[in-house]
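All letters in the sequence shown, in the order written, are residues 4 to 512 by my numbering. Where a beta carbon is used, it is the ideal one built from N, C-alpha and C, also for glycine.
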Amino acid sequence: MSGSGIIAQAPVLAKEPIDIEVTSSISQEHREHEQSSKKLGIFQPWYEPGTSSREKWLIFKLDVFILSYSCLAWFLKYLDQQNVTNAYANGMMEDMKMNSNQLSWLNTYFAIGSIVGSVPASILITHVRPNIYLPVVDFLWSLFVLLLYKCTKIEQMYALRFLCGFAESSANPCIHFLLGSFYKSSELGRRSAFFIISGVISQAISSFIMNGLDHSLDGKQGLPAWKWLFIIDFVIGMPIVVWGYFAIPQLPARGAKAFYLNEWERQRISERIEEDGRTQIDKKWNKKTICDVLGAWQPWAFTLAYSFWQLTAASYSMQFFTLYLKAKKIYTQTQINYIPDAISCVNLVTMISSGIVVDLIRRRWPVCLFVGLLLTVAFAILRSPNESVKLRFFGYILTGVYGCYTPILSGWANIACGNDPKLRAFSLSIMIAIGTAVGTPFQQYVFPSSEAPFYNSTNGFSYALGFTVLLTIWTGVGLPLIEARFTKKLTESTSSEIDSEAKGDQISM
Numbered sequence: 004m005s006g007s008g009i010i011a012q013a014p015v016l017a018k019e020p021i022d023i024e025v026t027s028s029i030s031q032e033h034r035e036h037e038q039s040s041k042k043l044g045i046f047q048p049w050y051e052p053g054t055s056s057r058e059k060w061l062i063f064k065l066d067v068f069i070l071s072y073s074c075l076a077w078f079l080k081y082l083d084q085q086n087v088t089n090a091y092a093n094g095m096m097e098d099m100k101m102n103s104n105q106l107s108w109l110n111t112y113f114a115i116g117s118i119v120g121s122v123p124a125s126i127l128i129t130h131v132r133p134n135i136y137l138p139v140v141d142f143l144w145s146l147f148v149l150l151l152y153k154c155t156k157i158e159q160m161y162a163l164r165f166l167c168g169f170a171e172s173s174a175n176p177c178i179h180f181l182l183g184s185f186y187k188s189s190e191l192g193r194r195s196a197f198f199i200i201s202g203v204i205s206q207a208i209s210s211f212i213m214n215g216l217d218h219s220l221d222g223k224q225g226l227p228a229w230k231w232l233f234i235i236d237f238v239i240g241m242p243i244v245v246w247g248y249f250a251i252p253q254l255p256a257r258g259a260k261a262f263y264l265n266e267w268e269r270q271r272i273s274e275r276i277e278e279d280g281r282t283q284i285d286k287k288w289n290k291k292t293i294c295d296v297l298g299a300w301q302p303w304a305f306t307l308a309y310s311f312w313q314l315t316a317a318s319y320s321m322q323f324f325t326l327y328l329k330a331k332k333i334y335t336q337t338q339i340n341y342i343p344d345a346i347s348c349v350n351l352v353t354m355i356s357s358g359i360v361v362d363l364i365r366r367r368w369p370v371c372l373f374v375g376l377l378l379t380v381a382f383a384i385l386r387s388p389n390e391s392v393k394l395r396f397f398g399y400i401l402t403g404v405y406g407c408y409t410p411i412l413s414g415w416a417n418i419a420c421g422n423d424p425k426l427r428a429f430s431l432s433i434m435i436a437i438g439t440a441v442g443t444p445f446q447q448y449v450f451p452s453s454e455a456p457f458y459n460s461t462n463g464f465s466y467a468l469g470f471t472v473l474l475t476i477w478t479g480v481g482l483p484l485i486e487a488r489f490t491k492k493l494t495e496s497t498s499s500e501i502d503s504e505a506k507g508d509q510i511s512m
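Written out as structure tokens, the structure reads:
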């Protein structure tokens, strides 16, 4: 109701003094809201309706510091994760006398390191100050990337890629954990999507960096361009390491201390999470905590969802599309390089839109159901014997919707774990560790490059379609039903405890 509408009703309510006071209060609040809307109008879709200007300033600070670090660290992760592929295509294969299987093994050793490091990361992030822990692992993986340029044997590269994966294993679960510690559930979807998008951008930029080095630094100081790539990636990482130290606050359960947060803001951070039904309880790791975490439904339900997502192999769709274009032998190298970028465009749009929708409707299963149906259509097309180029183009490009599952599932796990930081950290890490562990060998076995582009002998796209159907059913139906059941059980248990306490108070009186 506008201010003029309220004033027009004043004569009718004049007999009730309290109503005049309420009217005045509402008018004042309305004016303050309009003023804050004008000041931060461009950011209005970024905040919940009715958020005060003071709280918007707090959220803005969290975005400038925490979200910016998260995006930069994720950008760095994908830059360092993809650099061996770019180096391989630009001289490393010849200089190191490598074959295609050895490139696959470089990626496999990275995946093994990531799997091994994920669970320890979930323990360390709840014990070590995050502004110390995360920058340290950022520095370590950047250092391991730098050392790749000194390698003279492929076995040395295998060892360093394992160490890179081990250090980078902290990025995915720990950054999602960090975001879930400071943002409300209605704010998390958009920000998780924004964070994941930085990795998509990084994949595109990595190729441009490699091309630039080919023209500017190839042969300088006696080093080929592909070795300069590892050096430049290390240099890019150092400012991000420093920024992380200053940008990341202490966890809310320990006071949310940071130089840019005042006392009210630190207190308000905890209050916001409590209002979201996720009071932060800083438990210690002990036998009971471990049993509680292992016995909870969240780690295993979300691990199953993430494993289904990995087993669709949709994250390799750009590789599949590239090999299809090469097999047609009618496209130029430039077309082969750039046409698959359409998948990234769909990925980008889907992640942004799904993040906004999730925050608006405050439910994740409808988005999972819708996206799962689109992905099912995509793999049904790729599985079909129809050789229409236009239809297959549509199928490959449509697989780009896959990307939104990572921020949706991570945000969902953050919220479902409620007020237990250790359960959240463990659920996120075990979800990613097991999902990666089952997905990596599956992709290598079912989608070997020698069987591209149709993978008929291994039934690759048939398996992808089957796991996509399972993913859609589990995230769209099974997971929300399980969550509802356990939430109801918890609510009934809490109500019973409150009733028991009330009866005890009456008896004592």
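Item	Value
Residue span of the alpha helix (DSSP H) that contains Ile346, given as start and end	Asp344 to Ile364
Pick from Leu150, Lys492, Leu314 and Arg57 that is closest to Trp527, judged by C-alpha positions	Any property of residue 527 remains undetermined from this structure, which presents the chain solely from 4 to 512.
Own chain partners of Ser273 with C-beta closer than 6 Å, once the 5 adjacent residues on each side are dropped	Pro255
Supposed contact pair Val148 and Asn86 - C-beta distance, whole angstroms, cut 8 Å	7 Å
Neighbour-count burial assignment, Asn350, 16 or more Cβ in a 10 Å radius	buried
Leu79 vs Ile339 beta-carbon contact at 8 Å	no
Helix, strand or coil at Pro53 according to DSSP, with G and I counted as helix	Residue identity differs from the one stated: residue 53 is Gly in this sequence, not Pro. Three-state result, Gly53: coil.
Val131 (DSSP reduced to helix, strand or coil)	coil
Reduced DSSP secondary structure (H/G/I, E/B, other) of Lys492	helix
Sub-8 Å separation of Ile384 and Phe373 beta-carbons	no
Top-ranked residue by Cα proximity to Met321, from Ala455, Phe429 and Gly258	Ala455
Simplified DSSP assignment, three categories, for Tyr399	helix
CB contact flag (Thr306, Ile433, <8 Å)	yes
Exposure label - Asn89; buried when at least 16 CB within 10 Å	buried
Cβ shell of Tyr50 (< 7 Å), same chain only, five flanking positions each side left out	Lys59 and Ile62
C-alpha gap between Ile45 and Arg367, whole angstroms	Unreliable positioning characterises Ile45 in this predicted model, as indicated by a pLDDT of 39, which lies under 50. The coordinate reading is nonetheless provided below. About 26 Å.
Proximity below 8 Å, CB of Ile95 to CB of Ile200	Per the sequence shown, residue 95 should be read as Met rather than Ile. Contact flag unset, no.
Any non-hydrogen atom of the ligand GDP closer than 7 Å to Leu191 Cβ	Looking for the ligand GDP in the displayed structure turns up nothing, as the structure carries no ligands at all.
Cβ pair Gln253, Arg132 closer than 8 Å	yes
DSSP-derived helix/strand/coil call for Thr325	helix
Outcome for Tyr341 when other beta-carbon atoms lying within 10 angstroms are tallied against a minimum of 16	exposed
Reduced DSSP secondary structure (H/G/I, E/B, other) of Trp312	helix
Classification of Ala330 by the beta-carbon crowding that lies within 10 angstroms, buried from 16 upward	exposed
Tyr263 - DSSP class collapsed to helix/strand/coil	coil
Whole-number beta carbon distance between Leu378 and Tyr405, since they are thought to touch under 8 Å	6 Å
Every unbroken beta strand (DSSP E) inside the region 418-449 [3 residues or more]	none
Trp267 burial status per 10 Å Cβ neighbour count (16 or more: buried)	exposed
Spatial distance of Asp221 from Tyr91 (CA atoms)	15 Å
Gln47 versus Ser347 - alpha carbon distance	In this prediction, Gln47 has a pLDDT of 44, which is less than 50 and means its spatial position is unreliable; what the coordinates show is noted afterwards. Those two C-alpha atoms are separated by around 27 Å.
Spatial neighbours of Phe429 in its chain, beta-carbon cut-off 7 Å, leaving aside the 5 residues before and after	Ser125, Val296 and Pro302
Option nearest Gly168 by Cα separation, candidates Tyr136, Ile115, Val122 and His218	Ile115
Span separating the alpha-carbon of Tyr136 from that of Gln446	32 Å
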